[in-house]
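>
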Amino acid sequence: MDCDMTSDMSPTCAWSEPEWSSASRRAFLRTASGATVMALLGITATGCSDGNPTGAEPPEEPAEDGPAGIMVDGNQVILDLTSDATEDLTTQGGFLLIDEADVMAINVDGTTIRAFTSVCTHQQCTINAFADDTFMCPCHGSEFDTQGEVVAGPAPQPLTEYDVSRSDDTVTITK
Numbered sequence: 025m026d027c028d029m030t031s032d033m034s035p036t037c038a039w040s041e042p043e044w045s046s047a048s049r050r051a052f053l054r055t056a057s058g059a060t061v062m063a064l065l066g067i068t069a070t071g072c073s074d075g076n077p078t079g080a081e082p083p084e085e086p087a088e089d090g091p092a093g094i095m096v097d098g099n100q101v102i103l104d105l106t107s108d109a110t111e112d113l114t115t116q117g118g119f120l121l122i123d124e125a126d127v128m129a130i131n132v133d134g135t136t137i138r139a140f141t142s143v144c145t146h147q148q149c150t151i152n153a154f155a156d157d158t159f160m161c162p163c164h165g166s167e168f169d170t171q172g173e174v175v176a177g178p179a180p181q182p183l184t185e186y187d188v189s190r191s192d193d194t195v196t197i198t199k
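Just so you know, we're using this note's numbering here: the sequence shown kicks off at 25 and counts up by one.
1. For the beta strand (DSSP E) containing Glu185, list its first residue and its last residue.
2. Among all the DSSP beta bridges, which residues are the ones paired with Ala155?
3. Taking a contact to mean a Cβ-Cβ separation below 8 Å, would you say Asp157 touches Thr136 in this structure?
4. Could you work out which residue in Asn99, Phe119, Arg190 and Gln148 is closest to Gln181 when comparing CA atoms only?
5. In chain order, what residues of the same chain have a beta carbon less than 7 Å from the beta carbon of Arg190, not counting five sequence neighbours either side?
6. Would you mind sorting Ala153 into buried or exposed? The rule is 16 or more other CB atoms within 10 Å of its CB.
7. State the Cα-Cα distance for the pair Thr194 and Ile102, rounded to the nearest angstrom.
8. Run the CB neighbour count on Glu167, radius 10 Å, all protein chains shown included, and call it buried at 16 or more, exposed below.
9. Mind checking Ala179: buried by the 16 CB within 10 Å criterion, or exposed?
10. Assuming Asp133 and Gln116 form a contact by the criterion Cβ under 8 Å, report the distance between their Cβ atoms to the nearest whole angstrom.
11. Taking the alpha carbon of Phe140 as the point to measure from, which residue in Gly172, Gly93 and Ser107 has its own alpha carbon closest?
12. With H, G and I counted as helix, E and B as strand and the rest as coil, what does DSSP make of Glu124?
13. Starting from Gln100, trace the beta strand (DSSP E) in both directions and tell me its first and last residue.
14. Using the rule of at least 16 other Cβ atoms within 10 Å of the residue's Cβ for burial, across every protein chain shown, is Gly131 buried or exposed?
15. How long is the line joining the alpha carbons of Gln100 and Thr150, rounded to whole angstroms?
16. Look at Ala109 and Ala125 and say whether their C-beta atoms are less than 8 Å apart.
17. Would you kindly work out how many angstroms separate the C-alpha atoms of Thr184 and His146, rounded to a whole number?
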């Protein structure tokens with residue numbers, strides 16, 4: 025805007041067209057609508073790269089080991105019964121929850137160890153308690169016996185049982 029002062033000290037101004045007004049309304053709308061569509065579709069100007077220059081899938085993270093005495097290796101959980109972390113499994117009724125593998129183990133009779141998924145069949149909450157020969161889900165009260173069978177609902181199915189082998193003080197659970 026250009027302004028000149030008149031003799032009575034009031035400014036006289038003339039409006040000038042801004043530089044951007046030379047672009048047509050149609051061109052502006054075309055650019056704006058294209059950008060809006062790209063934003064809605066999640067398309068960026070940098071392309072579709074995930075940051076991996078080879079395009080190959082990144083390797084899977086290895087499973088974490090738990091405390092000393094508990095090792096998770098793929099579909100196997102290996103327990104060293106001489107470890108403090110697994111001490112509960114050395115006596116009848118001993119219970120161990122292995123979060124890293126979604127597995128729980130129970131010493132049924134002093135020598136026999138059984139293992140089950142720790143994921144409840146109702147709504148996939150983690151079963152985290154054992155008392156009076158019963159596994160208990162904290163979310164909705166489902167209960168399972170040491171055979172994995174439902175003794176109180178709402179769980180619709182028994183727990184998945186895993187193979188257990190024992191060699192002296194080493195227990196291997198295979199999922």
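The beta-carbon is built from N, C-alpha and C at its ideal position, and this holds for glycine as well.
For this structure:
1. Taking the sequence shown and counting its residues from 1, one reaches residue 185 at position 161. Where Glu185 is concerned, the enclosing beta strand (DSSP E) stretches over Glu185 to Ser191.
2. Position 131 of the sequence shown holds residue 155. DSSP output for Ala155 lists Thr158 as bridge partner(s).
3. Residue numbering aside, residue 157 sits at position 133 when the sequence shown is read from its first letter. Residue numbering aside, residue 136 sits at position 112 when the sequence shown is read from its first letter. No, the Cβ-Cβ distance between Asp157 and Thr136 is not below 8 Å.
4. For the purposes of this step, residue 181 is identified with residue 157 of the sequence shown, where counting begins at 1. Ranking the options by Cα distance to Gln181, first place goes to Gln148.
5. Indexing the sequence shown from 1 puts residue 190 at position 166. Excluding sequence positions up to five before and after Arg190, its CB lies within less than 7 Å of the CB of Ile137, all in the same chain and listed in chain order.
6. Taking the sequence shown and counting its residues from 1, the one referred to as residue 153 is at position 129. By the neighbour-count rule (16 or more Cβ atoms within 10 Å), Ala153 is not buried but exposed.
7. Along the sequence shown, one-based indexing puts residue 194 at 170. Along the sequence shown, one-based indexing puts residue 102 at 78. In a straight line, the C-alpha of Thr194 is about 7 Å away from that of Ile102.
8. For the purposes of this step, residue 167 is taken as residue 143 along the sequence shown, with counting starting at 1. That one is buried.
9. As a first step, residue 179 must be located in the sequence shown, where it is residue number 155. Ala179 comes out buried.
10. Counting from one through the sequence shown, the residue named residue 133 turns up at place 109. Counting from one through the sequence shown, the residue named residue 116 turns up at place 92. So it is a contact: roughly 6 Å between Cβ atoms.
11. In the sequence shown, residue 140 corresponds to position 116, counting from 1. For Phe140, the nearest C-alpha among the options comes from Gly172.
12. The sequence position of residue 124 within the sequence shown is 100, counting from 1. The DSSP-derived three-state label of Glu124 is helix.
13. Looking up residue 100 in the sequence shown gives position 76. For Gln100, the enclosing beta strand (DSSP E) begins and ends at Gln100 to Asp104.
14. In the sequence shown, residue 131 corresponds to position 107, counting from 1. The residue you asked about is not Gly; residue 131 is Asn in the sequence shown. By the neighbour-count rule (16 or more Cβ atoms within 10 Å), Asn131 is buried.
15. Reading the sequence shown from its first residue, position 76 is the one you call residue 100. Reading the sequence shown from its first residue, position 126 is the one you call residue 150. Those two C-alpha atoms are separated by around 19 Å.
16. The residue given as residue 109 occupies position 85 in the sequence shown. The residue given as residue 125 occupies position 101 in the sequence shown. Going by beta carbons, Ala109 and Ala125 fall outside the 8 Å limit.
17. Locating residue 184 in the sequence shown gives position 160, counting from the first residue. Locating residue 146 in the sequence shown gives position 122, counting from the first residue. Using only the alpha carbons, I get a separation of about 13 Å.
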